[in-house]
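Numbering (my numbering), first residue to last: 34 to 377.
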Amino acid sequence: MRIGVLGPIWLPIPPSGYGGSEIVVYNLVEGLVDRGHSVTLFASGGSKTRAELRSVLDRPLLEIKGKFDFSDNSYDLLNASNAFAASEEFDVLHNMLGYQVLPFLPFAKCPVVHTSHSSIKEYDGLVMQFKDANYISISNAQRQLHPQLNYIDTVYHGIDTKKYVPAADATRDYFVFLSRIMPEKGVHLAIEAAKQSHQKLVIAGIVDERDKEYFATQIEPRIDDDQIRFVGSADEARKIELFQQAKAMIFPTQWHEAFGLVLIEAMACGTPVIAWNKGAVPEVITSGETGFVVESTEEMAEAMKNIDAISQERCRQEAEKRFSREAMAQGYERVYQSLQAAGR
């Protein structure tokens with residue numbers, strides 16, 4: 034098939050550091066290329082892909098702007114217009130940029146599908162005007178944000194399971210929290226559970242400007258560099274190492290998260306996940322098999338004590354079967370083919 038993929042342009046694809054949606058787009062595009070499709074990626078200059086790259090900017094927008102400013106979507110729209118103008122070249126165009134490009138739909142000359150990476154209800158009025166378009170959710174939980182939309186399938190995110198692998202020499206003598214350091218991610222609850230269960234906890238993540246007070250008042254005073262350690266942000270290599278050496282990953286999310294890449298990255302490294310029962314967590318983690326899904330700090334602390342009951346091999350197998358980039362590409366391929374056959 035001839036497939037166009039419309040991606041974000043703030044960061045390169047793949048990103049050099051943080052960038053969840055950019056990682057997903059990269060893995061999808063590379064997975065589709067692996068499956069023999071002709072793929073065109075609409076993304077920023079500086080992106081690296083085996084697909085054909087078309088860019089409206091010679092470098093990522095963040096390098097040009099100097100900081101994120103999502104109130105300005107002018108270049109997003111320019112990127113989208115470039116993709117929709119070329120839509121007659123494709124059998125399907127996959128919008129992974131966002132719902133702000135929906136007004137281009139009447140100008141498409143091929144079937145278009147939409148995947149949002151968002152965990153919040155956004156562009157509500159705009160989305161409702163295009164509720165009959167072809168939407169693909171990244172979890173069934175995500176559908177609760179806009180239940181009126183025409184969801185034609187759910188396709189879970191996938192990662193490169195050849196890169197995220199277990200380590201033969203893993204010591205696994207600590208638990209790890211790896212995410213942005215913000216109240217919604219619940220790192221303060223991870224610390225509380227570690228204290229209750231008398232377990233070591235390593236915290237890794239970015240502290241944004243808006244969350245510095247939270248970090249200074251609720252997190253930093255509890256860091257003792259012994260039981261509770263903070264190691265700052267982690268690049269991909271460091272992230273994999275942290276997962277490989279951990280007993281389990283702690284994921285006490287306090288909001289309706291539509292997926293959570295770190296869940297499957299940990300599992301691919303053979304690392305169980307102890308996660309709060311929010312959003313897509315129960316779809317990704319099979320409680321009692323690949324980790325524990327909990328409802329409170331007390332349950333999280335108890336799960337930390339019982340983590341040896343979870344098989345590392347089972348976690349790895351689940352990641353390979355359900356959450357590899359091959360599985361994701363195959364899932365989207367199924368959707369593309371059904372749309373092509375139906376002429377939608």
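Ideal Cβ positions, reconstructed from N, Cα and C, are used throughout, including at glycine.
For clarity, every value in this text was computed on a predicted model and none was experimentally measured.
Local conformation of residue i per DSSP, three classes
| i | result |
| --- | --- |
| Phe-208 | strand |
| Arg-35 | strand |
| Thr-330 | helix |
| Val-72 | strand |
| Asp-157 | helix |
| Leu-61 | helix |
| Ala-308 | strand |
| Ile-380 | Given that the chain is displayed from residue 34 to residue 377, the structure contains no residue 380 and the question cannot be resolved. |
| Asp-165 | coil |
| Tyr-184 | strand |
| Ser-149 | coil |
| Ser-49 | coil |
| Ser-380 | The requested residue 380 is not part of the displayed model; the chain covers only 34 to 377. |
| Ser-371 | helix |
| Gly-321 | coil |
Span separating the alpha-carbon of residue i from that of residue j
| i | j | result |
| --- | --- | --- |
| Gly-238 | Ser-266 | 4 Å |
| Lys-81 | Val-89 | 15 Å |
| Asp-257 | Ile-283 | 19 Å |
| Met-129 | Gly-364 | 15 Å |
| Asp-109 | Val-57 | 18 Å |
| Glu-366 | Ala-308 | 30 Å |
| Pro-139 | Phe-117 | 10 Å |
| Ile-236 | Ser-120 | 45 Å |
| Phe-137 | Gly-321 | 46 Å |
| Thr-187 | Arg-176 | 9 Å |
| Leu-178 | Val-160 | 11 Å |
| Val-326 | Lys-142 | 45 Å |
| Ile-318 | Pro-305 | 9 Å |
| Pro-47 | Cys-348 | 25 Å |
| Arg-358 | Ser-170 | 16 Å |
| Ala-375 | Asp-157 | 28 Å |
| Lys-100 | Val-240 | 15 Å |
| Asp-268 | Gly-79 | 18 Å |
| Lys-233 | Phe-276 | 14 Å |
| Ala-313 | Leu-294 | 11 Å |
| Pro-180 | Leu-74 | 29 Å |
| Gln-373 | Gly-64 | 19 Å |
| Glu-106 | Arg-92 | The amino acid occupying residue 106 in the given sequence is Asn; Glu does not appear at that position. Roughly 16 Å between the two C-alpha positions. |
| Ser-344 | Thr-323 | 7 Å |
C-beta contact flag for residue i and residue j at 8 Å
| i | j | result |
| --- | --- | --- |
| Ala-352 | Ile-297 | yes |
| Pro-41 | Ser-49 | no |
| Arg-35 | Glu-122 | yes |
| Ser-172 | Ala-291 | yes |
| Ala-279 | Arg-213 | no |
| Phe-356 | Tyr-247 | no |
| His-221 | Ile-252 | yes |
| Val-134 | Ala-113 | yes |
| Gly-147 | Asn-115 | Correcting the residue type first, residue 147 is His in the shown sequence and not Gly. No, the pair does not count as a contact, with Cβ atoms beyond the cut-off. |
| Gln-287 | Glu-335 | no |
| Val-125 | Val-72 | no |
Best match in the options for proximity to residue i [C-alpha to C-alpha]
| i | options | result |
| --- | --- | --- |
| Asp-193 | Phe-325, Val-62 and Arg-367 | Val-62 |
| Thr-330 | Asn-310, Val-317, Glu-346 and Phe-140 | Asn-310 |
| Met-333 | Ala-227, Gly-64 and Gly-321 | Ala-227 |
| Glu-433 | Glu-322, Val-209, Glu-155 and Gly-69 | Residue 433 lies beyond the range of the chain shown here (34 to 377); nothing can be said about it. |
| Ile-224 | Val-240, Pro-216, Gln-370 and Ile-261 | Ile-261 |
| Ala-360 | Phe-263, Gln-345 and Asp-67 | Asp-67 |
| Lys-164 | Tyr-132, Ile-153, His-150 and Ser-152 | Tyr-132 |
| Gln-162 | Ala-174, Ser-149, Leu-182 and Ile-153 | Leu-182 |
| Ala-299 | Gly-64, Lys-338 and Gly-191 | Gly-191 |
| Glu-85 | Tyr-59, Asn-106, Ala-342 and Pro-199 | Tyr-59 |
| Ala-174 | Tyr-197, Lys-196 and His-150 | His-150 |
| Ala-200 | Thr-323, Ala-270, Lys-354 and Lys-338 | Ala-270 |
| Asp-202 | Pro-285, Asp-259, Ile-185 and Gly-303 | Gly-303 |
| Ile-97 | Pro-45, His-70 and Glu-328 | Pro-45 |
| Lys-245 | Lys-195, Met-215, Gly-219 and His-70 | Met-215 |
| Glu-316 | Tyr-207, Leu-94 and His-289 | His-289 |
Notebook entry, point to check: Curious, which full-length beta strand (DSSP E) runs of at least 3 residues does the region 202-287 contain?
Noted result: 207-211, 234-237, 261-263 and 279-284
Q.
Report the start-end ranges of each alpha helix (DSSP H) in the region 63-143 that is 4 residues or longer and not cut off at the edges.
A. 94-98 and 107-118
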